[in-house]
Amino acid sequence: MIKNDRANFGSKIGAVLASAGSAVGLGNIWRFPYETGNHGGAAFILIYIGCVLILGIPIMVAEFLIGRHSRANTAGAYQRLAPGTQWHWVGRMGVLAGFLILSYYSVVAGWTLQFILEAATNSFAGKSPTDFINAFSSFSSNPWQPLIWLVVFLLVTHFIIVKGVEKGIEKSSKIMMPVLFILLLVLATCSVSLPGASDGIRFLLKPDFSKVDSSVFLGAMGQAFFSLSLGMGCLCTYASYFRRETNLSKTALSVSAIDTFVAIVAGFIIFPAAFSIGIQPDAGPSLLFITLPNVFQQAFSNIPALAYLFSVLFYVLLALAALTSTISLHEVVTAYLHEEFHLSRKSAAAIVTSGCIVLGTLCSLSLGVGKGYTLFGLGLFDLFDFVTAKLMLPLGGLLISIFVGWFLNKRIVCKEISNNGVLNRPYYRLFIFILQFIAPIAILFIFINGLGLF
Ligand code: PHE
Numbered sequence: 020m021i022k023n024d025r026a027n028f029g030s031k032i033g034a035v036l037a038s039a040g041s042a043v044g045l046g047n048i049w050r051f052p053y054e055t056g057n058h059g060g061a062a063f064i065l066i067y068i069g070c071v072l073i074l075g076i077p078i079m080v081a082e083f084l085i086g087r088h089s090r091a092n093t094a095g096a097y098q099r100l101a102p103g104t105q106w107h108w109v110g111r112m113g114v115l116a117g118f119l120i121l122s123y124y125s126v127v128a129g130w131t132l133q134f135i136l137e138a139a140t141n142s143f144a145g146k147s148p149t150d151f152i153n154a155f156s157s158f159s160s161n162p163w164q165p166l167i168w169l170v171v172f173l174l175v176t177h178f179i180i181v182k183g184v185e186k187g188i189e190k191s192s193k194i195m196m197p198v199l200f201i202l203l204l205v206l207a208t209c210s211v212s213l214p215g216a217s218d219g220i221r222f223l224l225k226p227d228f229s230k231v232d233s234s235v236f237l238g239a240m241g242q243a244f245f246s247l248s249l250g251m252g253c254l255c256t257y258a259s260y261f262r263r264e265t266n267l268s269k270t271a272l273s274v275s276a277i278d279t280f281v282a283i284v285a286g287f288i289i290f291p292a293a294f295s296i297g298i299q300p301d302a303g304p305s306l307l308f309i310t311l312p313n314v315f316q317q318a319f320s321n322i323p324a325l326a327y328l329f330s331v332l333f334y335v336l337l338a339l340a341a342l343t344s345t346i347s348l349h350e351v352v353t354a355y356l357h358e359e360f361h362l363s364r365k366s367a368a369a370i371v372t373s374g375c376i377v378l379g380t381l382c383s384l385s386l387g388v389g390k391g392y393t394l395f396g397l398g399l400f401d402l403f404d405f406v407t408a409k410l411m412l413p414l415g416g417l418l419i420s421i422f423v424g425w426f427l428n429k430r431i432v433c434k435e436i437s438n439n440g441v442l443n444r445p446y447y448r449l450f451i452f453i454l455q456f457i458a459p460i461a462i463l464f465i466f467i468n469g470l471g472l473f
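Quick note: the sequence shown uses our numbering, first residue 20, plus one each step.
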């Protein structure tokens, strides 16, 4: 292993939690339900799970081993492992993807702060589903309010990034994740017991394959990459802080399992409630924000104190889950600028934060006053989402599989997977076979069909 003085995650559980903290975020609780709603429900979920198993887990292990072996930022990693080649462009594309995702992701993360404020001032009380729909659309299209929250959110992320790896990232993940799980389970239980919830449960569990077309596959693959934080060097950067004893395959399995579990529980919160109050499942990015306040109001209508408590707690945890993800996105770009351009961590972070404030502002305005401005028929917010989740991340995944499957010396791969011969590696051959053949062919096939390339 190449040695240098970079920081380490303090404990094993810290490594898993920090990676899970990156993976679990708005992607699971906000994006997964609305993509599921857009793509018809249960069949999408099955294809999504297929993508996690066949593409997600092996590519995550591949990213981990690139990061831990090279102990560098994502572009530097390829330079160390494949000097004199063009592979470092995979890393650079990842950095760009991270920067773009952070810009529009922070807009939605900012919305969660507004909802904390509304929950804390009890302004959900006594409102009807239509009130929530109207309130959200006037908030998200307001030119100023979302921008203020966007800036606040990015500054908090910035502050944690500047404080360094171990103290900031690890500590925060350790506390937040377990509390978030418990609350999600409580809310799912409430949601499935609402009147008329059974239609939502059916939507989640009964696949209708007649609705499956190539866009469903592209959506599911993109969602898998986005939700697992894959294909852009984020987990590679985190793995560069892993310890030598961390079991990479086990960590990838745990992170994927936690991430998928949270997404599906989020589905069980959103859809039963949406069907119960008559909100369309394909309402798009607003789905979470217009559905959830109703869950709090209706499920606890007899106990307003509980409605108050749970709604405040939920939005605080949602904001924190988003924060562990924005930290990881920010870290990828900051580590790259810091190590490749010899900037101090502080200046590198300041450049990233300012850039994201500018782009995030444009994304936020594209949902309101700037609605008329489109590129390829999409506003900037939707364009960033499409280009990153459905193009750049899967393309990154494709190249990572080819890099580890075909290019990287198998001795290095073996050494990293077995922790220098200490661990058994029963699935090694299958892992290499997937990276060499299955993943590249599947991703190309989904691209070609989903984008109508031929
Ligand atoms: N996986 C994160 C989420 O689900 C988003 C993310 C994508 C984070 C890519 C890092 C890299 O919210």
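The beta carbon of each residue, even a glycine, is placed where N, CA and C say it ideally should be.
Query: Just checking: is the beta-carbon of S210 within a distance shorter than 8 Å of some beta-carbon in chain D?; Result: Absent from the structure is chain D; it holds one protein chain and no more.
Query: Whose C-beta lies closer than 8 Å to the C-beta of N443 among residues of the same chain, with five residues either side of it excluded?; Result: S437
Query: How far does the alpha helix (DSSP H) with H135 in it extend, from its first residue to its last?; Result: In the sequence as displayed, the identity of residue 135 is Ile instead of His. I135 -> alpha helix (DSSP H) spans H107 to A139.
Query: Taking the C-alpha atoms as reference points, what is the distance between V352 and W130?; Result: 23 Å
Query: Which whole-angstrom value describes the C-beta separation of I85 and C253, a residue pair presumed to lie in contact below a C-beta threshold of 8 Å?; Result: The pair is not a contact, with the Cβ atoms about 12 Å apart (cut-off 8 Å).
Query: Quick check: what's the CA-CA separation for T104 versus V423?; Result: 14 Å
Query: Taking only the alpha-carbon atoms, compute the straight-line gap between P312 and H361 and give it to the nearest angstrom.; Result: 47 Å
Query: Does the stretch 163-171 come close enough to the stretch 362-369 to have 3 or more Cβ pairs within less than 8 Å?; Result: no
Query: Can you check DSSP and say which residues form a bridge with L394?; Result: L397
Query: Hey, how far is the Cα of Q299 from the Cα of N439?; Result: 53 Å
Query: Measuring only the C-alpha atoms, how far is N92 from H357?; Result: 9 Å
Query: May I ask you to report which of helix, strand or coil DSSP gives V80?; Result: helix
Query: Any idea if V441 is buried or exposed, counting beta-carbon neighbours within 10 angstroms, 16 or more meaning buried?; Result: exposed
Query: Rounded to the nearest angstrom, what separates E82 and A62 at their Cα positions?; Result: 28 Å
Query: Please identify the residue among A282, P304, G60 and D150 whose C-alpha is closest to the C-alpha of G219.; Result: G60
Query: Find the nearest neighbour of P52 within the set A282, L410, Y446 and L202, judged by alpha-carbon distance.; Result: A282
Query: Would you check if the distance between the CB atom of I78 and the CB atom of L249 is smaller than 8 Å?; Result: yes
Query: Can you find the residues in the same chain that come closer than 6 Å, C-beta to C-beta, to T270, ignoring five residues on each side of it along the sequence?; Result: V35
Query: Does the beta-carbon distance from S475 to Y257 come in below 8 Å?; Result: A query on residue 475 cannot be resolved here, the shown segment of the chain reaching from 20 to 473 and no further.
Query: Classify N141 as buried or exposed, calling it buried when 16 or more other Cβ atoms lie within 10 Å of its own Cβ.; Result: exposed
Query: Is the beta carbon of P162 less than 8 Å from the beta carbon of L463?; Result: no
Query: With burial defined as no fewer than 16 other Cβ atoms inside 10 Å of the residue's Cβ, what is the status of G40: buried or exposed?; Result: buried
Query: Is the number of C-beta pairs between the stretch 367-379 and the stretch 209-216 that are closer than 8 Å three or more?; Result: no
Query: Would you check if the distance between the CB atom of E350 and the CB atom of R87 is smaller than 8 Å?; Result: no
Query: By the 10 Å Cβ neighbour count, where 16 or more other Cβ atoms means buried, how is Y67 classified, buried or exposed?; Result: buried
Query: The alpha helix (DSSP H) with E350 in it runs from where to where?; Result: P323 to E359
Query: Would you check if the distance between the CB atom of G46 and the CB atom of F236 is smaller than 8 Å?; Result: no
Query: Rounded to whole angstroms, what's the CA-CA distance from S122 to L449? Just pull it up for me.; Result: 37 Å
Query: Between V181 and ligand 1, is there a pair consisting of the residue's CB and a ligand heavy atom that are separated by less than 7 Å?; Result: no
Query: Please say whether I120 and T407 have beta carbons closer to each other than 8 Å?; Result: yes
Query: Please go through the same chain and pick out, in chain order, the residues whose beta-carbon is closer than 6 Å to the beta-carbon of F394, but skip the five residues on each side of it.; Result: Note that residue 394 corresponds to Leu in the displayed sequence, not to Phe. The answer, listed in chain order, is L402.
Query: For I120, verify whether its CB is less than 7 Å away from any heavy atom of ligand 1.; Result: yes
Query: Ligand 1 heavy atoms versus the CB of L136: any closer than 7 Å?; Result: no
Query: Exposed or buried, L136, counting other C-beta atoms within 10 Å across all chains shown (16 or more means buried)?; Result: exposed
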